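Engineer:
Numbering (UniProt numbering), first residue to last: 1 to 337.
1) Tell me whether residue 247 is buried or exposed, calling it buried when 16 or more other Cβ atoms sit within 10 Å of its Cβ.
2) I need the boundaries of the beta strand (DSSP E) containing residue 305, first residue and last residue.
3) Between residue 277 and residue 229, is the Cβ-Cβ spacing less than 8 Å?
4) With a CB to CB cut of under 7 Å and the five nearest residues on each side skipped, what residues in its chain are close to residue 129?
5) Please determine, among 119, 23, 61, 140, the residue with the shortest C-alpha to C-alpha distance to residue 31.
6) Where residue 294 and residue 78 are concerned, what is the direct C-alpha to C-alpha distance, given to the nearest angstrom?
7) Tell me which same chain residues have a C-beta within less than 7 Å of the C-beta of residue 72, skipping the five on either side of it?
8) Tell me whether the segment 89-96 and the segment 52-63 touch, counting them as touching only if at least three CB pairs, one residue from each stretch, are closer than 8 Å.
9) Distance, Cα to Cα, residue 302 vs residue 233?
10) From the DSSP output, in three-state form, read off residue 339 for me.
11) Have a look at the DSSP bridge pairing and note the partners of residue 249.
12) What three-state label does DSSP hand residue 100 in the structure shown?
13) Where does residue 218 fall in DSSP's three states?
14) Which same chain residues, not among the five before or five after residue 272, have their C-beta less than 6 Å away from its C-beta?
15) Quick one: give me the first and last residue of the alpha helix (DSSP H) that residue 288 is part of.
16) Measuring only from the beta carbon, is residue 273 closer than 7 Å to any heavy atom that is part of the ligand PLP?
17) What is the DSSP secondary structure of residue 173, reduced to helix, strand or coil?
18) Measuring alpha carbon to alpha carbon, tell me which of 65, 96, 47 ends up nearest residue 82.
19) Just reading off the alpha helix (DSSP H) that residue 138 is part of, what are its end residues?
20) Which one or two residues does DSSP pair with residue 161 in a beta bridge?
21) Are the Cβ atoms of residue 160 and residue 249 separated by less than 8 Å?
22) What residue range is occupied by the uninterrupted beta strand (DSSP E) comprising residue 153?
23) Tell me the DSSP bridge mates of residue 268?
24) Look up residue 309 in the DSSP assignment and say whether it is helix, strand or coil.
25) With residue 226 and residue 240 assumed to form a contact (beta carbons below 8 Å), what rounded beta-carbon distance in angstroms separates them?
26) Ordered along the chain, which non-local residues of its own chain (more than five positions away) have a Cβ less than 7 Å from that of residue 120?
27) Tell me whether the beta-carbon of residue 146 lies closer than 8 Å to the beta-carbon of residue 207.
28) For residue 205, which three-state DSSP category applies?
29) How big is the Cα-Cα spacing for residue 162 and residue 123?
30) Around the Cβ of residue 75, are there at least 16 other Cβ atoms within 10 angstroms (buried) or fewer (exposed)?
31) Out of curiosity, what's the CA-to-CA distance linking residue 304 and residue 10?
32) If we require 4 or more residues per run, which alpha helix (DSSP H) segments fall completely within the segment 49-113?
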């Protein structure tokens, strides 16, 4: 197979090339965020069904050989996996940009190993700047640790993005507080529309849309002080900053303004299933094929070419509101953030 054919394995039928792979390392987490994990918890995969670090590397290398240039590690919480230093070291040997998404509860312990393996970009999940609300949404009392670790990451020179899932009548009154968090810190706060997954009790009435976020912003700041930034190619977010602020803010509008036309992302779950779209309920088993000694490229190619044009086929808000379409999907905790 020549180089051009190699790349075509990651091109779907809509002409989108996929250069970004998100790998979930574990289904476990040290928080219990309500929009991510059902209240009753989830049925975890048996340990024997999860990818070993060697299998993670082998699958990641296959994707890198076929045009993937970015790999982001997610969970659950990826840093609670005991072999995370080995995983980072193995993946750092690939010709990819390696990054991680964490809840930052224990990330202070991993700063040396992250630096040693060239992991400079870190996304931190933080849905409230209010300690009581944080405890309510995460079902854990770790706010001070997360907040202080964000400040530590900035001090240590990491590029930090803070992800906040917005929910109406819960944290939408904190939008301006989050933006003011960027005044003296070189961070990007990203507001994420609440999305439907199994067990998270989603409905449209709980969602804060892109337009609603901008209404808050326009009410709080003078028009000339709201600066629209240039979005990066394949960016999922619409980026802004306030004049004079060190950091920036962005809105990820997966529901009201999906970015599917330029999507270049694929997801690998902790139990070795390839998802071609976050919203898709279909999965392709790479791990069983790898363990049988057979090539995984044909499965990857078939999965990529089966990718639908918009949100796993939910191309209208009406379809998105049909419960059966998203309850057939996994809960977010078992997909990977």
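We put the CB at the ideal spot given by N, CA and C, even for glycine. Predicted model, so just to flag it, every value in this text is computed and none were measured.
Structural biologist: From the atom records:
1) Within the chain shown, residue 247 is the residue found at index 247, counting from 1. By the neighbour-count rule (16 or more Cβ atoms within 10 Å), residue 247 is buried.
2) Numbered from its first residue, the chain shown carries residue 305 at position 305. Per DSSP, residue 305 belongs to no beta strand (DSSP E); it is in the alpha helix (DSSP H), 297-305.
3) Position 277 of the chain shown holds residue 277. Position 229 of the chain shown holds residue 229. Not closer than 8 Å, so no.
4) Stepping through the chain shown from its first residue, residue 129 is reached at position 129. 174, 177, 178, 181, listed in sequence order.
5) For the purposes of this step, residue 31 is taken as residue 31 along the chain shown, with counting starting at 1. Nearest of 119, 23, 61, 140 to residue 31, Cα basis: 140.
6) Along the chain shown, one-based indexing puts residue 294 at 294. Along the chain shown, one-based indexing puts residue 78 at 78. One C-alpha to the other measures close to 28 Å.
7) Here residue 72 corresponds to residue number 72 of the chain shown, with the count starting at 1. Closer than 7 Å at Cβ, skipping near neighbours: 22, 99, 100, 101.
8) yes
9) Numbered from its first residue, the chain shown carries residue 302 at position 302. Numbered from its first residue, the chain shown carries residue 233 at position 233. C-alpha separation (whole angstroms): 25 Å.
10) A query on residue 339 cannot be resolved here, the shown segment of the chain reaching from 1 to 337 and no further.
11) Numbered from 1 along the chain shown, position 249 holds the residue referred to as residue 249. For residue 249, which the question treats as bridged, DSSP gives the partners 189, 240.
12) Reading the chain shown from its first residue, position 100 is the one you call residue 100. Reduced to three states, the DSSP call for residue 100 is strand.
13) Residue numbering aside, residue 218 sits at position 218 when the chain shown is read from its first letter. Here residue 218 sits in helix by DSSP.
14) Looking up residue 272 in the chain shown gives position 272. Same-chain partners within the cutoff: 51, 286, 287.
15) Counting from one through the chain shown, the residue named residue 288 turns up at place 288. Its alpha helix (DSSP H) spans residues 287-291.
16) Among the ligands in the structure shown, none appear at all, so the ligand PLP cannot be discussed.
17) By 1-based counting over the chain shown, the position of residue 173 is 173. If DSSP states are grouped into helix, strand and coil, residue 173 belongs with the helices.
18) Counting from one through the chain shown, the residue named residue 82 turns up at place 82. When each option's Cα is compared against that of residue 82, the closest is 47.
19) Locating residue 138 in the chain shown gives position 138, where the first residue counts as 1. First-last of the alpha helix (DSSP H) with residue 138: 131-138.
20) On the chain shown, residue 161 is found 161 positions in, with the first residue counted as 1. According to DSSP, which records beta bridges pairwise, residue 161 is partnered with 123, 188.
21) Start at 1 with the first residue of the chain shown, and residue 160 comes out as number 160. Start at 1 with the first residue of the chain shown, and residue 249 comes out as number 249. Contact flag unset, no.
22) Counting from one through the chain shown, the residue named residue 153 turns up at place 153. Segment 143-155 is the alpha helix (DSSP H) holding residue 153; no beta strand (DSSP E) there.
23) By 1-based counting over the chain shown, the position of residue 268 is 268. Answer is 23, 274.
24) For this step, residue 309 is matched to residue 309 along the chain shown. DSSP places residue 309 in coil when its eight states are reduced to three.
25) Position 226 of the chain shown, counting from 1, holds the residue named residue 226. Position 240 of the chain shown, counting from 1, holds the residue named residue 240. Rounded, the Cβ-Cβ distance is 6 Å, consistent with contact.
26) On the chain shown, residue 120 is found 120 positions in, with the first residue counted as 1. Taken in chain order, the residues that qualify are 158, 159.
27) Translated into positions along the chain shown, residue 146 becomes position 146. Translated into positions along the chain shown, residue 207 becomes position 207. Their beta carbons are not under 8 Å apart, which means residue 146 does not touch residue 207 by this criterion.
28) As a working mapping, residue 205 is identified with position 205 in the chain shown. Of the three classes helix, strand and coil, the one that applies to residue 205 here is helix, per DSSP.
29) To locate residue 162, count along the chain shown from 1; it is residue 162. To locate residue 123, count along the chain shown from 1; it is residue 123. So the alpha carbons of these two residues sit roughly 6 Å apart.
30) The residue you call residue 75 lines up with position 75 of the chain shown. It is buried - the Cβ of residue 75 has at least 16 other Cβ atoms within 10 Å.
31) As a working mapping, residue 304 is identified with position 304 in the chain shown. As a working mapping, residue 10 is identified with position 10 in the chain shown. Distance between the alpha carbons of residue 304 and residue 10 is about 6 Å.
32) 53-65, 84-92
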